[in-house]
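Asker: Quick one: this structure, given as structure tokens, is what I'll be asking you about.
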Amino acid sequence: MNIKKLYESPKKDQNEEIYGITSKSCVCCSKPTNEDYFVHMTTEWFAVEAKVTENDLAKIGMESQGLYAIGYSCAKRMGKKFIINA
476 MNIKKLYESP KKDQNEEIYG ITSKSCVCCS KPTNEDYFVH MTTEWFAVEA KVTENDLAKI
536 GMESQGLYAI GYSCAKRMGK KFIINA
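Numbering (this note's numbering), first residue to last: 476 to 561.
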């Protein structure tokens, strides 16, 4: 199971001021998304591979925080194995 620190855009704060924060905001850069892609996050705020289940996380002492919308360009930075297509 691969775990990866979530990419965070250096313009995230600026984008939050411009676009605001909604459930459709990209978790990495705060720009609006079409909710086509998601990333599975843990409570420790790490991204896990798309195939990882909550039971898999429990086996290593981690918990799921759920799925978060991610924009196309930020999804490319995370890598295919971490992205869940809607």
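All C-beta atoms in this analysis are idealised placements derived from N, C-alpha and C, irrespective of residue type, glycine included.
Everything numeric in this text was worked out from a predicted model, so none of it was measured.
1. Is it true that the region 532-546 meets the region 496-514, where meeting means three or more beta-carbon pairs spaced less than 8 angstroms apart?
2. Run through DSSP, which three-state label would G555 get?
3. Spatial neighbours of E529 within its chain, please: C-beta separation below 8 angstroms, excluding the five flanking residues on both sides.
4. Below 7 angstroms CB to CB, which residues in the same chain sit around C504 once its five sequence neighbours on both sides are set aside?
5. Going along the chain, which unbroken runs of the beta strand (DSSP E) with 3 or more residues stay wholly within the region 478-522?
6. Within 10 angstroms of its Cβ, does M476 collect 16 or more other Cβ (buried), or is it exposed?
7. Please return the same chain residues whose Cβ sits closer than 7 angstroms to the Cβ of E519, not counting the five positions on each side in sequence.
8. What's the call for A522, buried or exposed, on a 16-neighbour Cβ count within 10 Å?
Answerer: Taking the geometry as given:
1. yes
2. First, the amino acid is wrong: residue 555 is Lys here, not Gly. K555 falls in the helix class under three-state DSSP.
3. E538, S539
4. S484, K486, K487, N490, G546, C549
5. 478-480, 512-517
6. exposed
7. M537
8. buried
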